[in-house]
Structures are given as C-alpha cells and as structure tokens.
Amino acid sequence: MKKYLLLSLIFLMVMFISGCGESIYSGAADTTTSEANTDQMDFDFINGKCQPIISYYDSKILNEETLSDDDIYKYVSAILTCSGFDIVKGIDSILLTGGSDIYKTSGDLMGISVIDMNTSKFLQEYYDKAISVCYDRKVELEKDELSLNTTNLTICGLVGMMGTVVNMSAMMLNTSGGGANKLELTEAGFQDFATNEMEPTLAAQGLGSYLKEKSDFLGYLNRGLTIGEDGADTIGSLIGQSDFSSVLSDLARQLRDSNGDITEPSLLGYLKNSLGLPIPNQPIPPVPPIP
817 MKKYLLLSLI
827 FLMVMFISGC
837 GESIYSGAAD
847 TTTSEANTDQ
857 MDFDFINGKC
867 QPIISYYDSK
877 ILNEETLSDD
887 DIYKYVSAIL
897 TCSGFDIVKG
907 IDSILLTGGS
917 DIYKTSGDLM
927 GISVIDMNTS
937 KFLQEYYDKA
947 ISVCYDRKVE
957 LEKDELSLNT
967 TNLTICGLVG
977 MMGTVVNMSA
987 MMLNTSGGGA
997 NKLELTEAGF
1007 QDFATNEMEP
1017 TLAAQGLGSY
1027 LKEKSDFLGY
1037 LNRGLTIGED
1047 GADTIGSLIG
1057 QSDFSSVLSD
1067 LARQLRDSNG
1077 DITEPSLLGY
1087 LKNSLGLPIP
1097 NQPIPPVPPI
1107 P
C-alpha cells in the first residue's frame, strides 16, 4: 500500500497535465494570454520538453510572481527531467535498495553507479537549481508558519538527498589531488576513493581552492541537506523504511560542525574522520603564487 502511495505522488506530475493534448489556444489570434501560456507550458511538459518549462517558471520568478504548490512540483519535476532523472524508475529503485546507503540509494535513483567529473558538473547545475526552488519555497512558507505539502516534501526530499550526493561527489573529484576521475556511488566507494585516490595534503589545499572557486558550494550543500532531512521521514514512512531518516541524519551529523553548519573545517573533518583520509593535524599553508 505504501509503495503505491509513493508512486501515486510521483504520478501527480502526469495528473497535473493529463488531458491537455494540443493547446486549446493554438488557433486563437492572441496566444500571449496567461491562460494560453499556461496551456503551452502543459503541452510542452506532456511532450517531454523540460527546458521550456524551466524557462516559463524562471520568468515567473524573475517577475516575482507567486507560484502555487502545483507550480513548484512541475518546476522541480522539469528540472529533474532535464537532468536525466526518470522519476518513476527512480522511485522503483529506492523501493528495491531500501535506503540504507545514501550514496548508493542516490546513485540508483539517478540511474548511475559511477560518477565522473563531467557528469558531476552537469548534474550540479540542475540539482543546485532544484535545491534553490525547494528551499526558497520552504522559507517562504515558514514565514506564515506553513510547510511544504506532502507531494512537494517528497520530491524536494529526494532533490535534497540526491543533490547532496552530487555536490559531495563533485567536491571529492575536484579536490582529490591524485588525478582520479571516477567515483563509485556507494559509502564504500567514497571511503575507497578517499584512502586510495586522494592525496591528503593536496586534497586539503584543493578543498580551500575549490570553495573559493565555487563560492556558493557550501550554501547549496547546507540547503540541500536541510530539505533532504525535511523529506526523509515522509519518504521513509512511505517506503516502509523506518530508519531511512536516521541514515541521512547520520550523514548530516558527520558533515556539520557543532553549530549545525557545513564549513570548510567540518568538510575536512568528514574526509578525515568518516572517510579515513589521513589529513595532517597541523594547518597546511597555501601554495605560494608563482612570481
């Protein structure tokens, strides 16, 4: 029963747009009305054209228009679709994996078992965008003491979990210092990569450089983990995995500092204490610039 409940949430994406067919405004003289634009958006969505959907909602955000719950779901779904994520197959896979390994579960959801630098960069663009949409909606609702509805809590929870793993993968690959370009998306794969593919001194220096280059990285990582945790209980209860939220919470505990934030020192601590990378205790001086 719980399996079908979860799948029904995902199929709402289709329910939102079912029956649209050809736009009823296609023969009208004025196709610039709000109704015509909405119908065209639905028409694009049902035909798998995710980029026009993203552009449609991007313009609404730019114009500071308020989005409904259905809008948020369509917006996030389109972003995930453009990233290559198959929602139905992804949910089917999470029902099979059980969710005990966040890295493997996320990889199974995304349909990949090994990630490289180019793939991580591609996925970061979409998942960071989806994280922003979900987190901004969460903050907006909390101003009125409201929260995401069950549908958006579920899909945003998935976004947060997968986005966290994508960002962590990108960080590992970009700071390894050893030239490795492939990372297995399992907890054991992360540990093996840290101990066998990352050079400790170069990795510690590379992390600082990476965070300067991607100044918004820590923000996306913090926000993604937050919305992932928010949705974890809902996902766990729907798939009958009672400890699902505790697995994600355990990762959050390892990544965050004593103030509840993910910072450069806390990431170094995760690499050292959780993944086994033997980073020296003494601060590592930055590499001096070439004269």
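So the sequence shown is numbered by the working numbering: it starts at 817 and just counts up by one.
Cβ coordinates follow ideal geometry from the N, Cα and C atoms, glycine included.
Are the CB atoms of residue i and residue j nearer to each other than 7 Å?
| i | j | result |
| --- | --- | --- |
| Tyr943 | Glu1003 | no |
| Gly1040 | Ile947 | yes |
| Asn983 | Leu1037 | yes |
| Ile1043 | Cys950 | yes |
| Ala996 | Ser936 | no |
| Val981 | Ser899 | no |
| Leu1001 | Ile931 | yes |
| Thr970 | Gly1047 | yes |
| Tyr889 | Tyr873 | no |
| Leu1091 | Gln1007 | yes |
| Leu1093 | Met988 | no |
| Glu1080 | Leu1027 | yes |
| Asp1073 | Ser1065 | no |
| Leu999 | Phe1009 | yes |
Could you give the first and the last residue of the continuous alpha helix (DSSP H) run that contains residue i?
| i | result |
| --- | --- |
| Asp924 | 918-926 |
| Ile803 | Nothing can be reported for residue 803, as the shown portion of the chain is limited to 817 through 1107. |
| Asp1008 | 1003-1012 |
| Thr1017 | 1016-1029 |
| Phe901 | Looking at the DSSP string, Phe901 is not in any alpha helix (DSSP H), and its letter there is neither H nor E. |
| Thr967 | 966-991 |
| Arg1069 | 1060-1071 |
| Pro1081 | 1080-1085 |
Considering only DSSP beta bridges, list what residue i is partnered with.
| i | result |
| --- | --- |
| Leu1037 | Paired residues: none, contrary to the question. |
| Lys998 | Asp932 |
Looking at the secondary structure, which residues open and close the beta strand (DSSP E) in which residue i lies?
| i | result |
| --- | --- |
| Ile941 | Reading off the sequence, residue 941 comes out as Glu, not Ile. Unbroken run through Glu941 is the alpha helix (DSSP H), 933-958; no beta strand (DSSP E). |
Between residue i and the rest of its own chain, which residues show a CB-CB distance below 7 Å, the 5 nearest in sequence each way excluded?
| i | result |
| --- | --- |
| Asn965 | Asp885 |
| Ser916 | Val1063 |
| Met978 | Ser922, Leu925, Met926, Tyr943 |
| Ala845 | Annotation note: pLDDT 45 at Ala845 (below 50); position unreliable, coordinate value reported separately. Excluding sequence neighbours, Ala845 sits near nothing in its chain. |
| Phe1060 | Gly915, Ala1048, Ile1051, Gly1052 |
| Ser909 | Asp924, Leu925 |
| Leu939 | Ser899, Val982 |
| Asp902 | Gly927 |
| Asp887 | Tyr873 |
| Leu1067 | Ile918 |
Which same chain residues, not among the five before or five after residue i, have their C-beta less than 6 Å away from its C-beta?
| i | result |
| --- | --- |
| Asn1012 | none |
| Pro1096 | none |
| Lys945 | Ile895 |
| Pro1099 | The predicted position of Pro1099 is uncertain, since its pLDDT is 47 and thus under 50; a value taken from the coordinates is nonetheless stated next. Excluding positions up to five away in sequence, the list is empty. |
| Gly1035 | none |
| Gly976 | Gly1040, Ile1043, Gly1044 |
Kindly list the residues whose CB is nearer than 8 Å to the CB of residue i, restricted to its own chain and excluding five residues on each side of it in sequence; keep chain order.
| i | result |
| --- | --- |
| Ile877 | Leu883 |
Quiz item: For the 8 Å Cβ check, are there 3 or more pairs between the region 1078-1087 and the region 1016-1034?
Solution: yes
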